[in-house]
Each structure stands twice: as C-alpha cells, then as structure tokens.
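*Asks:*
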Amino acid sequence: MTGFYLQKANKIANQTLVKIVAGDLTSDDDRIEKAARLIAHLAGRGGNDIGFKTWGAAPLLAKKLIQQKLIPDMASRSVLELGTGTGLVGLACDKLGAAELIMTDYHQSVLSNVTTNVALNESNARILELDFIKVAKDEAPEWKGRTFDVVIASDLLYEMEHAQYLPIAVDKLMENEFHFMIPLRPTHTNEVNVFEETMKKLGLHPQRVTETKKVEEEGLVRYRYYLYTRS
C-alpha cells in the first residue's frame, strides 16, 4: 500500500515539475516547493540518515536551475551530481534535458533509494558510487581522469573534512562549471570559510555568488549559491 501512495504522490509531483519547466507555473507558486519536496523526499521514507532526507538547499537549487535557467545549454552538457541524496537536484537536471547525467553518492543504501526515485521519475540518469573524499585523495581509480562539463551539488559541508576535500574533488572532476548551494548556519561558518579559501587556492574563483533566505522549522535560514567556472 505504501508503494501505491508513493507512486501516486510522485506522479503528481512529477507533473508539477514538468509544468514548472514548461513555464506554466510562476516562480512564486507554492506548488513548486511542494513538488520539489515530494518528488524526491517521499521515496526516502522520512528517515533520519543524511542521505535519506531532502535538505533545504536541494529544493532551492532545483528551483534556481529551472526558474533561472542556470545552465541554458543543458541539452548539450554532461552533468555529474555529487552527494545526490534523494536525487532532487539531479532529477531537475534530467527534466531540463541534460545530455548525460550521473548522480552519485557514497552510501549503498542511499544509492539504492535514489535508484528507486530515478525509476519512479522514468529518468535515464545513471546512479554510481562516488566518495568525493576518496576522489580527492586519489583513492578512487575508477574516477581518475574523468571530467564533466558541469558538476553540481548541494548541502555538502557538514564536516571540516568535507570543506577540505570537496574543492580538490571538484577541481579533478569539473570541466567547465560547478554549481553549489549550501545553508549558512552559525555552526558551520568555519567549514564555509575553509571551502571558499581552498577553492581560491586551487585557482577556482566564483563567477557568481547570491544569497537567499527561507523560513524553516529552526527559523530564518540563509542559503548561498555559488557558480564556479574555469576562466
């Protein structure tokens, strides 16, 4: 019975997202937010594990991709998503017509869950295991030398180790662009600073940085979006 309701809810969310892509819904329509949460969160079954929850930055980045056409030539781009979680951002890229889409995470149970989400959305995305810390340390030979037009991610700076190694992995995997969105919480200020400084040391400078605010259970939360390019 749970599977029936999941498929029904997903169908509704999927139809709404298609309307957003087609421009049939305006940016202030609250169905965008509802679709964003439904389309990936439900198959996660509301678990407490990080990878089984659609965190705040993912719906915001998905909406930016769709509403602001952050990647206008998506149909000719290869896209790699890091830390896909429930797969929301990657699914948005799929709906926008990415030429190639690989959605990755490091945990097998998360990969199994996102595989279900991809199937429910009739997506052609590939789901592969990728631990960006191992990539950064050259401990993932299967990813060595592989690059993608676009690398995209959200909500990945929960530990200092993430802030230190994510930039190195992005530098190895990114051909042209890196799109990234994160919450700006007082508890993770150091991680954000280390991430930004490490990107700078690698010669990767943001071409665009914008912030937005959103009311959540904990109160008003600020989010920051980055666009890094090789220039």
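Heads up, the sequence shown is in my numbering, so the first residue is 1 and it goes up one at a time.
All C-beta atoms, glycine included, are put in the ideal place defined by N, C-alpha and C.
How many angstroms separate the CA atom of residue 111 from the CA atom of residue 210?
*Replies:* 30 Å
*Asks:* Restricting to runs no shorter than 4 residues, where is the alpha helix (DSSP H) found entirely within the stretch 94–160?
*Replies:* 108–120, 132–136
*Asks:* Rounded C-beta distance between residue 221 and residue 183? I'm assuming under 8 Å.
*Replies:* The beta carbons of residue 221 and residue 183 sit about 5 Å from each other, so the pair counts as a contact at 8 Å.
*Asks:* Residue range of the alpha helix (DSSP H) that residue 201 falls in?
*Replies:* 189–201
*Asks:* Rounded to whole angstroms, how far is the Cβ of residue 154 from the Cβ of residue 61, which I believe are closer than 8 Å?
*Replies:* 5 Å
*Asks:* Can you confirm whether the stretch 61–81 touches the stretch 115–124 when touching is taken to mean that 3 or more C-beta pairs between the two stretches lie within less than 8 Å?
*Replies:* Put simply, the stretch 115–124 does not touch the stretch 61–81. Fewer than three CB pairs are less than 8 Å apart.
*Asks:* Out of curiosity, what's the CA-to-CA distance linking residue 108 and residue 134?
*Replies:* 15 Å
*Asks:* Taking the alpha-carbon of residue 185 as reference, which of 99, 159, 208 has the nearest alpha-carbon?
*Replies:* 159
*Asks:* Does DSSP classify residue 241 as helix, strand or coil?
*Replies:* No statement about residue 241 is possible, as the shown extent of the chain runs from 1 to 231 and does not include it.
*Asks:* Below 8 Å between beta carbons: does that hold for residue 80 and residue 148?
*Replies:* yes
*Asks:* Quick test of your reading: residue 230 and residue 176, contact by CB under 8 Å. State the CB separation rounded to the nearest angstrom.
*Replies:* Their Cβ separation, rounded to whole angstroms, is 6 Å, which keeps residue 230 and residue 176 in contact under 8 Å.
*Asks:* Going by C-alpha distance, which of 83, 57, 151 is nearest residue 77?
*Replies:* 151
*Asks:* Could you pull out every residue in the same chain whose Cβ sits closer than 6 Å to the Cβ of residue 74, ignoring the five residues on either side in sequence?
*Replies:* 96, 97, 98
*Asks:* Does the Cβ of residue 104 have 16 or more other Cβ atoms within 10 Å, making it buried, or fewer, making it exposed?
*Replies:* In this structure residue 104 is buried. Its beta-carbon is surrounded by 16 or more other beta-carbon atoms within 10 angstroms.
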